[in-house]
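Participant: Residue numbers (the numbering used here), protein chains in the order written: chain A, 25 to 286; chain B, 323 to 388.
#1: Could you give the C-beta distance for residue 37 of chain A and residue 210 of chain A, rounded to a whole number, given that I count them as a contact under 8 Å?
#2: Grouping DSSP H, G and I as helix and E and B as strand, with all else coil, what is residue 25 of chain A?
#3: Starting from the Cα of residue 35 of chain A, find the closest Cα among A:185, A:64, A:253 and A:230 and give me that residue.
#4: The beta strand (DSSP E) spanning residue 161 of chain A covers which residue range?
#5: So residue 42 of chain A is in the beta strand (DSSP E); what residue range does that whole segment cover?
#6: Rounded to whole angstroms, what is the Cα-Cα separation between residue 293 of chain A and residue 197 of chain A?
#7: Just to confirm my understanding: we take residue 354 of chain B, look at its own chain, exclude 5 residues before and 5 after, and list those with CB closer than 6 Å. What are they?
#8: Near residue 172 of chain A, which residues of its chain fall below 7 Å by C-beta distance, leaving aside the five closest residues on each side in sequence?
#9: Looking at the C-beta of residue 381 of chain B, does it have a partner C-beta in chain A at a distance below 8 Å?
#10: Closer than 9 Å between beta carbons: that is the criterion. Which residues of the stretch 167-198 of chain A meet it against chain B?
#11: May I ask which residues mark the beginning and end of the alpha helix (DSSP H) holding residue 49 of chain A?
#12: Smallest Cα separation from residue 48 of chain A: which of A:261, A:33, A:71 and A:65?
#13: Hey, how far is the Cα of residue 256 of chain A from the Cα of residue 103 of chain A?
#14: Return helix, strand or coil for residue 366 of chain B, following the three-state DSSP convention.
#15: List, in order along the chain, the chain A residues whose C-beta lies closer than 8 Å to that of residue 352 of chain B?
#16: Please report whether the beta-carbon of residue 345 of chain B lies at a distance below 8 Å from any beta-carbon of chain A.
#17: With 8 Å as the threshold, decide whether the Cβ of residue 341 of chain B is near any Cβ in chain A.
#18: Identify the continuous beta strand (DSSP E) that holds residue 390 of chain B and give its terminal residues.
#19: Under DSSP, the beta strand (DSSP E) around residue 77 of chain A begins and ends at which residues?
#20: Whole angstroms are fine: how far does the CA of residue 266 of chain A sit from the CA of residue 330 of chain B?
#21: With 16 other CB atoms within 10 Å as the buried threshold, where does residue 254 of chain A fall?
#22: Spatial neighbours of residue 114 of chain A within its chain, please: C-beta separation below 6 Å, excluding the five flanking residues on both sides.
#23: Within 10 angstroms of the Cβ of residue 284 of chain A, are there 16 or more other Cβ atoms? Answer buried if so, exposed if not.
#24: Residues of chain B with a CB under 8 Å from the CB of residue 107 of chain A: which are they?
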């Protein structure tokens, strides 16, 4: 049988190929062991980390000891930054700590909703791109901002589905659809994906990848949930490539409308 | 001498190098990044970069995050 399905290739960000379209955060796991197993079960190849002060009286080892840096690209985020200056400082520190010059740019002045500041994000992106960083900015689902960031040289855009950790899914659907339509860089739906079905929805829309943390880390069984998200992402991607039917108001019979027994 | 490390005031016999400070605090240099007075101290500079009275030191590392 001849198939019309488009062949899938790897996820390519800044010229680098990744076999998985699921990016996983490393926050909120109950133990390094659980995190390590969940990363493995998810199939992810890109994991985000944060940067914080070392506790001087409890200088335990870095998270790096639980994450095999040869298997995963460690993507440091700039969480905690409230403006461009703080974000640039964190990105430079991450590089000095031994990370590759990749950064998830995240500037969230308001701790209640953790919505990203578009003006500071664009400002920081311009500086970091100039300094040779591969920049993956976390943004609100704003197609104009996404375009401006792409023009500034960011490697992706990462619009939010809903606020970080809210588990509410893709509430910004129509705007993300525009971003996907217009973008020449990979679109990674980040934040708010609370269930594998949310991840599948984003992928069905044509997102290139999704980033998940809370939904996996705080699940009853994070390892099983990591596996479930992997399947959700794969199912959504495959459905997108296969070509989804368009929604319609009236019924369209699946069975023949001829030859009825009367 | 008095220095500020990660926001805390500390008394220290000094001057010391950044590397010596990290070792005294039980921190492996490989896993952290250090700033002295807002300037990053690269790993290869740690053995010779001196910390003086009144300096502000930040030592950061990677932690779990999304």
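Even for Gly, the Cβ is constructed at its ideal location relative to N, Cα and C.
Keep in mind the model is a prediction, meaning the values are calculated, not measured.
Facilitator: Well, looking at it:
#1: 6 Å
#2: Confidence at residue 25 of chain A is low in this model, with a pLDDT of 47, below 50, so the placement of that residue is unreliable and no value is reported for it.
#3: A:230
#4: 158-163
#5: 40-42
#6: No information on residue 293 of chain A is available, as it lies outside the stretch 25 to 286 that chain A covers here.
#7: 381 and 383
#8: 146
#9: yes
#10: 188 and 189
#11: Premise fails: residue 49 of chain A lies in the beta strand (DSSP E), 46-49, not in any alpha helix (DSSP H).
#12: A:71
#13: 27 Å
#14: helix
#15: 122
#16: no
#17: no
#18: A question about residue 390 of chain B goes unanswered here, because the residues of chain B that appear run from 323 up to 388.
#19: 70-77
#20: 58 Å
#21: buried
#22: 75, 102 and 105
#23: exposed
#24: Per Cβ cutoff of 8 Å: no residues; residue 107 of chain A is ~15 Å from chain B at best.
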